[in-house]
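First comes the structure, then the notes that go with it.
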Amino acid sequence: METKKSASLLHHNGVSYVLPFILITSCFALWGFANDITNPMVKAFSKIFRMSVTEGALVQVAFYGGYFAMAFPAAIFMRKFSYKASILLGLGLYALGALMFFPAKLTGEYYPFLLAYFILTCGLSFLETSSNPYILSMGSEETATRRLSLAQAFNPIGSLLGMYVAMNFIQNKLHPMDTEARAALSEAEYVAIRDADLATLIAPYLVIGLVILAMFFIVRFAKMPKNGDQSHEINFIPTMKRIFSLPRYREGVIAQFFYVGAQIMCWTFIIQYGTRVFMAEGMTEQAAEVESQLYNIVAMALFCVSRFICTFLLKYFNPGQLLKILAIAAAVFTLGVIFFQDRMGMYCLVAVSGCMSLMFPTIYGIALKGLGDDAKFGSAGLIMAILGGSVLPPVQAAIIDMGTVMGMPAVNVSFVLPLICYIMVMIYGQRSYRRSRLGIE
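In structure tokens:
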């Protein structure tokens, strides 16, 4: 019975979308890998290049800045050509950015890595701008949000793999010398350790670059449906006026900005948060970082399981209602992160991930509901909202660099920012639920 219901998500008007759904869902996992191998790199680059947390957070600025810069160009390209062409361009840029880590390593400088991240995420912007509405189009509109939630459920599987690779093939293999000791090295000693660490860091990126190239050719030669590819007129300004006149869409863009900012802050700075907690228990800096990454992996596993559970619950709950409930729970756990100064705070931070699981696809599905072909540009606006992951983490990093705030560890206080974000998501969920009950847009 359940299998039959699930299958109906991928069949419509006698057309089967199973194969294209599998291929595009694989892309969800691939960009999940890129996102979550990158979050721990803020700490890694800070150590390798002897920088502050704020300077290390430029990784996130470059990473999520690429999403912002390419979202509308991706939508225009997709409207002019097709979903498939846009996905292929995204895969190509993803591979190029990953392979650029090799020349960046040869320079021995920080900023070429930021350029590589930027190009890589220009590719991810094309992928996400195209893949999300493409999944929505693969079947009836009634099941669109559930279909996107199911596809998005595979994103954290890639994220888990990214975290695992970051911990076991990068963090565990970096030189164990802590940040303070590196600052005291001579220039020659520093360069030798830096170059060895960079060689370790780039290896997974080069491998994923080759994997993405293989995926490029698989998609290139696969037969893909042309849902929503009938119109190739741009009409950019009229389309944007039309979709931004819809409250559920413009408020969805704002909610997505805050949600992505909260997600990236929680998953990036769990390393700094855990390092403080575990070093207070007597661990070395490197051991504390590894222990923190283990908690991060548990958080992502919870996120993954919770997404499948919440996708099932969407059959029985209104999307806005479920979004509001999850946002309230996330806000409560974030208060625990702020006020607990021991492992209880870490447990709360892990629990937040379970609450975040359905936020992105649910906001996305609510905002794009009923847009038809306008969903291509609507998708771009929601992907641009990923800028929240670029803007908010450096603000949190600046707070963390203060050391203490009002007698509390600054890293604890810094989680006031995610708390504010969850309140904004809660408001969007409540307003969406209210509009659906009243039958208004």
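In terms of my numbering, the sequence shown opens at residue 341 and continues consecutively.
We treat Cβ as the ideally placed atom computed from N, Cα and C, and that holds for glycine.
Pick from the options that is closest to residue i, judged by C-alpha positions
i      : options                           : result
Ala720 : Val690, Gln400, Ile416 and Glu395 : Ile416
Ala491 : Ala691, Lys513 and Glu468         : Glu468
Gly502 : His515, Ser526, Leu541 and Leu488 : Leu541
Tyr704 : Leu722, Ser693 and Ala641         : Leu722
Met748 : Phe679, Ala620 and Met699         : Phe679
Ala438 : Leu698, Asn495, Tyr457 and Gly448 : Tyr457
Leu514 : Tyr530, Asn495, Gly448 and Leu538 : Leu538
Pro544 : Glu481, Phe755 and Ala506         : Ala506
Lys716 : Ile475, Ala671 and Ser386         : Ile475
Phe377 : Ser754, Asn636 and Met696         : Note on identity: in this sequence residue 377 is Ile, with Phe being the wrong assignment. Residue Asn636 is the option with its Cα nearest to Ile377.
Ser366 : Phe453, Asn472 and Ala444         : Asn472
Val735 : Pro380, Gln400 and Gly372         : Gln400
Leu675 : Val690, Arg777 and Leu662         : Val690
Pro578 : Gly549, Lys420, Asp714 and Asp682 : Asp714
Phe509 : Glu527, Ser754, Leu546 and Pro496 : Leu546
Pro701 : Ala641, Arg560 and Leu663         : Leu663
Leu553 : Gly463, Lys387, Tyr450 and Ile780 : Gly463
Leu757 : Cys606, Leu654 and Asp682         : Cys606
Ile706 : Ser776, Gln681, Ala620 and Ser754 : Ser776
Gly685 : Val753, Ser646, Ile668 and Ile548 : Val753
Ser646 : Ile558, Ala667 and Ser697         : Ser697
Ser693 : Ile649, Ala641 and Leu654         : Ala641
Met699 : Ile780, Ala444, Leu654 and Met440 : Leu654
Trp583 : Leu759, Lys709 and Glu482         : Correcting the residue identity first, residue 583 is Ile in this sequence and not Trp. Taking only the C-alpha atoms, the option nearest Ile583 is Lys709.
Asp682 : Gly622, Leu500 and Phe648         : Gly622
Asn379 : Ala402, Tyr357 and Val358         : Ala402
Arg588 : Tyr357, Gly779 and Ser356         : Gly779
First through last residue of the alpha helix (DSSP H) which encompasses residue i
i      : result
Asn375 : Val358 to Thr378
Glu591 : Pro587 to Thr608
Thr447 : Phe441 to Thr447
Thr624 : Element bounds for Thr624: n/a, residue is neither H nor E.
Ala411 : Leu398 to Lys420
Gly769 : Val756 to Leu778
Ala493 : Premise fails: Ala493 is in no alpha helix (DSSP H) and is neither H nor E.
Ala738 : Gly728 to Ile740
Lys716 : Ala715 to Met724
Met381 : Met381 to Ile388
Met580 : Phe576 to Phe584
Asn752 : Ala750 to Val753
Presumed contact (8 angstroms Cβ cut-off) between residue i and residue j, rounded CB distance
i      : j      : result
Tyr773 : Gly660 : 3 angstroms
Thr651 : Ala484 : Rounded, the Cβ-Cβ distance is 13 angstroms, inconsistent with contact.
Ala562 : Leu363 : 6 angstroms
Ala750 : Thr744 : 6 angstroms
Ala423 : Ser470 : According to the sequence as given, residue 423 is Tyr; it is not Ala. Sure, about 5 angstroms apart at Cβ, within 8 angstroms.
Gln603 : Asp518 : Going by Cβ atoms, the distance from Gln603 to Asp518 rounds to 28 angstroms, so no, they are not a contact pair.
Asp741 : Ser392 : 6 angstroms
Gly479 : Arg487 : 6 angstroms
Ser465 : Met410 : 4 angstroms
Leu398 : Leu455 : Not confirmed; about 11 angstroms, so no contact.
Phe368 : Asn495 : 4 angstroms
Val382 : Gly396 : 4 angstroms
Sub-8 angstroms separation of residue i and residue j beta-carbons
i      : j      : result
Thr615 : Ser632 : yes
Gly718 : Leu727 : no
Ala384 : Leu460 : no
Gly432 : Ser730 : no
Gln596 : Ala725 : yes
Tyr768 : Gly592 : yes
Met564 : Pro360 : yes
Ala628 : Phe643 : no
Met328 : Leu436 : This structure leaves residue 328 out entirely; the chain is present only between 341 and 781.
Gly448 : Arg390 : no
Ile665 : Ala639 : no
Phe598 : Met766 : no
Cys695 : Ala670 : yes
Val672 : Gln511 : no
Lys387 : Arg590 : no
Val677 : Phe755 : yes
Any C-beta of chain C under 8 angstroms from that of residue i
i      : result
Gly721 : In the displayed structure, chain C is absent; only one protein chain is listed.
Whole beta strand (DSSP E) elements within the region 497 to 561, 3-residue minimum: none
Mind pulling the beta strand (DSSP E) runs of 3 or more residues that sit fully within the region 668 to 698? none
Which ranges would you report for the beta strand (DSSP E) in the region 424 to 485 if only whole runs of at least 3 residues count? none
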